[in-house]
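Undergrad:
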């Protein structure tokens, strides 16, 4: 998926603070401890409800994480597993693990990046540097389970805690949790064939990161067989600081073949393996797999290649016989979600956008609609959990305004008005307990860095996990006094559509002065930039340098109606560009903005938008910094590109219009900074080199910043992140302040 870089800049805020504020330098932003304070990541509640576990970076190295825990009844949080005690941190990760972390956008470079509980609450499984460790909750003993040359990836504890499962060298293995020899469930994985894995497209574009699923009684396991032999090999130069290697990457570009994915179910007692028939058409996407509560049925979501049809297939786990019980269709495309939830009575909850907004529905076991659970002119963000004892569904939504998100509950037995469980005014992320409705909630707003606490089912705070209070002693405190408050507002597109924007004014703002301004853009499908949340302090350096920062959520951005989000269908590079130009017109008309000194910056789709805006007719922008931009959509992958643009031979005009190279004659000489990671396996470097070559052929001067060894999220590390930030600042200072 085309996403912003992990180092993308975000809003900062004014707070009551010390009398004198220090100047925040770029160097301090990328130093430890992190300015946003201690943040709990990967929060999970133990199955017995007695403790909360989470990942936290070391104070001296925020990108090296340890596993922490907090007891529900109180007491100080404590470190459960010190990553340094288990690993030296010097092992070179495999290409597969590097790619997997890139797909999952894992920012931590070392230490513990993931962990999992078994459903009985007896064990915590911790993958670390390619090997596996098991923490026994009863006695706190940590046992090393594997020590192999290959990396064990996608490791899980089986539901009852009897086994540990994992993929190594493209095959699926299980191993008794209490010790003993491993068993290879598959042995044929090699070259273009793998088992139990999620292929590139599933991870990058469908947010499916696993390729195998345990039954609740751990009697069976469903797994994928992925054949990539038909997928084009795209040779990619992985250029690092000490040389280059050629990676023959299986990369399915728009209109070209995808991997063929098949599904099998294995009975662990008898060893019998049966194929789950996904249909005669092999050119489909395996979107989701779920087990029924009783372990007798396997539910499979099958998405058509054009992504306009999503079938729910129910397979009998014992016989492998299946039938389609429900079908969703959309004339534009379907966005796959994680809202499918089977209930113990055989019915299930699921979401769809059939009434114009994403809402929750309840269906009988045979796929017949029982009731629509939520209604209204607002979309459900996600089904977060279910409390079957009270027959309620817990979901997040921006019900009152698109720029705030809260947690709600609603009865699925007798649907009515949802009840808010969390306060308004900011942005909530939650992790609901498997039973009982309690949840761990992380809240932030323009004046509050992320704070994580445990809450009871009625929304009352039980205890802090990471209070992260912005007060004396907090890393951000010395810089807090002069931070401006973001100004939120709306403007109208020419056709009357409402667009939300955010403005950040320079430090020591003087309304009598005119300032240069920079539009920070993403612009692609689903992404939302304007929200009442705490963001990285990186942008503070722009404010102290005297820039106004402006953000606008154009058509296609998330948390809006299906119509709003589908406005880009088959025409990327059109209406979203027009919306951003409308925003720039509004920005230029503000009394404190110098209309002759407008800049624009963005990464990934934001890089594409930067190039489109810089080459628009009569562009108002004097300078633009485009990071890792997709510049010709047929070079990008199948699922993402075809979802929004169709295949290249079906939409030739749309692809041609969005080809940056056809617009370069309109680029002002010397106005562009192009940035790209030299090992990018998502938006391949060819996207930038083709623009470089075309600009050189036309003798149009431009600037370039390349990052050896960096993938799509170039700048996620401290030193590279600092370099990316200072390169931007230097460029805009020269271009917008009269230096060049």
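In mature numbering (1 follows the signal peptide of the UniProt record, and there is no 0), the protein residues as written are -21 to -1, 1 to 719. Yeah, the Cβ is synthetic: ideal placement off N, Cα and C, and Gly gets one too.
Cα separation between residue 613 and residue 607?
TA: Their Cα atoms are separated by approximately 16 Å.
Undergrad: Compare the beta carbon distance of residue 172 and residue 206 with 7 Å and say whether it is the shorter of the two.
TA: In contact: residue 172 and residue 206 (Cβ atoms closer than 7 Å).
Undergrad: Between residue 245 and residue 252, which are expected to be in contact by the criterion C-beta below 8 Å, what is the C-beta distance as a whole number of angstroms?
TA: Confirmed, about 5 Å.
Undergrad: Tell me, which residues are paired with residue 226 by DSSP?
TA: Answer is 215.
Undergrad: Could you give the residue range of the alpha helix (DSSP H) that holds residue 180?
TA: 179 to 185 is the span of the alpha helix (DSSP H), which, as asked, contains residue 180.
Undergrad: Just verifying my parser: in three-state terms, what is the DSSP assignment at residue 15?
TA: Coil, per DSSP.
Undergrad: Which class does residue 388 belong to by DSSP, given the choice of helix, strand or coil?
TA: Of the three classes helix, strand and coil, the one that applies to residue 388 here is strand, per DSSP.
Undergrad: What is the rounded straight-line gap between the Cα of residue 486 and the Cα of residue 16?
TA: Rounded to whole angstroms, residue 486 to residue 16 spans 22 Å at the Cα level.
Undergrad: Under the assumption that residue 164 contacts residue 134 (Cβ atoms under 8 Å), give the Cβ distance between them as a whole number of angstroms.
TA: Not quite, the Cβ-Cβ distance comes to about 14 Å (not below 8 Å), so this is no contact.
Undergrad: Please determine, among 688, 709, 694, the residue with the shortest C-alpha to C-alpha distance to residue 225.
TA: Nearest of 688, 709, 694 to residue 225, Cα basis: 688.
Undergrad: Given this structure, state the Cα-to-Cα distance separating residue 95 from residue 141, to the nearest angstrom.
TA: Between residue 95 and residue 141, the C-alpha separation is close to 14 Å.
Undergrad: Please determine, among 157, 294, 279, the residue with the shortest C-alpha to C-alpha distance to residue 116.
TA: Taking only the C-alpha atoms, the option nearest residue 116 is 157.
Undergrad: Whole angstroms is fine: what's the gap from residue 605's alpha carbon to residue 5's?
TA: Roughly 20 Å between the two C-alpha positions.
Undergrad: Checking 7 Å against the spacing of the C-beta atoms, do residue 376 and residue 365 come in under that value?
TA: Cβ distance not < 7 Å, so residue 376 and residue 365 don't count as in contact.
Undergrad: Short of 6 Å in beta carbon distance, which residues of its chain neighbour residue 282, apart from the five on each side in sequence? Order them along the chain.
TA: Excluding residues within five positions, the ones whose Cβ falls inside 6 Å are 264, 266, 289.
Undergrad: Classify residue 567 as helix, strand or coil using the three-state DSSP reduction.
TA: Here residue 567 sits in helix by DSSP.
Undergrad: If residue 634 sits next to residue 547, beta carbons under 8 Å apart, how far is it from one beta carbon to the other, in whole angstroms?
TA: Residue 634 to residue 547, Cβ: 14 Å. No contact.
Undergrad: How about residue 133: is its C-beta nearer than 7 Å to some C-beta of chain B?
TA: Annotation note: the requested chain B is absent from the structure, which comprises a single protein chain.
Undergrad: Among 619, 29, 63, 578, which one has its Cα closest to the Cα of residue 312?
TA: Comparing Cα positions, the closest option is 619.
Undergrad: If you follow the alpha helix (DSSP H) that residue 723 is part of, which residue opens it and which one closes it?
TA: Past the edges of the chain, shown from -21 to 719, lies residue 723, and the structure says nothing about it.
Undergrad: Suppose contacts are defined by Cβ-Cβ distances below 7 Å. Is residue 136 in contact with residue 97 by that definition?
TA: Against a cut-off of 7 Å, the Cβ pair of residue 97 and residue 136 comes out as a contact.
Undergrad: For the alpha helix (DSSP H) that residue 707 lies in, which residues bound it at each end?
TA: 697 to 715 is the span of the alpha helix (DSSP H), which, as asked, contains residue 707.
Undergrad: Bridge partners of residue 433, per DSSP?
TA: The partner list for residue 433 (beta bridge, DSSP) reads 419, 442.
Undergrad: Return the Cβ separation of residue 562 and residue 529 in integer angstroms, given the expectation that the two are a contact with Cβ distance under 8 Å.
TA: That pair is a contact at about 7 Å.
Undergrad: Please list the terminal residues of the continuous alpha helix (DSSP H) segment that includes residue 278.
TA: Residue 278 -> not in any alpha helix (DSSP H); beta strand (DSSP E) instead, spanning 276 to 283.
Undergrad: Alpha carbon to alpha carbon, what distance is there between residue 538 and residue 418?
TA: So the alpha carbons of these two residues sit roughly 22 Å apart.
Undergrad: Residue 348 to residue 666, Cα distance in whole Å?
TA: Answer to the nearest angstrom: the Cα atoms are 46 Å apart.
Undergrad: Is the number of C-beta pairs between the stretch 506 to 515 and the stretch 325 to 339 that are closer than 8 Å three or more?
TA: Segments in contact, no.
Undergrad: Pop quiz: residue 91 and residue 50 are said to be a contact at Cβ under 8 Å. What is the actual Cβ separation, rounded to whole angstroms?
TA: Contact flag wrong, Cβ pair sits at about 20 Å.
Undergrad: State buried or exposed for residue 720, treating a residue as buried only when at least 16 other CB atoms are found within 10 Å of its CB.
TA: Because the chain is modelled from -21 through 719, residue 720 falls outside the range shown and cannot be assessed.
Undergrad: Mind reading off the beta-carbon distance from residue 593 to residue 674? Whole number of angstroms is fine, and I expect it under 8 Å.
TA: In fact, because the Cβ distance is near 12 Å, the residues do not count as touching under 8 Å.
Undergrad: Could you give the C-beta distance for residue 384 and residue 357, rounded to a whole number, given that I count them as a contact under 8 Å?
TA: Going by Cβ atoms, the distance from residue 384 to residue 357 rounds to 11 Å, so no, they are not a contact pair.
Undergrad: Which whole-angstrom value is the C-beta distance of residue 583 and residue 662, which I expect to be below 8 Å?
TA: Rounded, the Cβ-Cβ distance is 6 Å, consistent with contact.
Undergrad: Can you tell which of 553, 654, 150 has the C-alpha that lies nearest to the C-alpha of residue 596?
TA: With distances taken between Cα atoms, residue 596 lies closest to 553.
Undergrad: Let me know the secondary structure DSSP gives residue 635 once reduced to three states.
TA: Note: residue 635 maps to helix in three-state DSSP.
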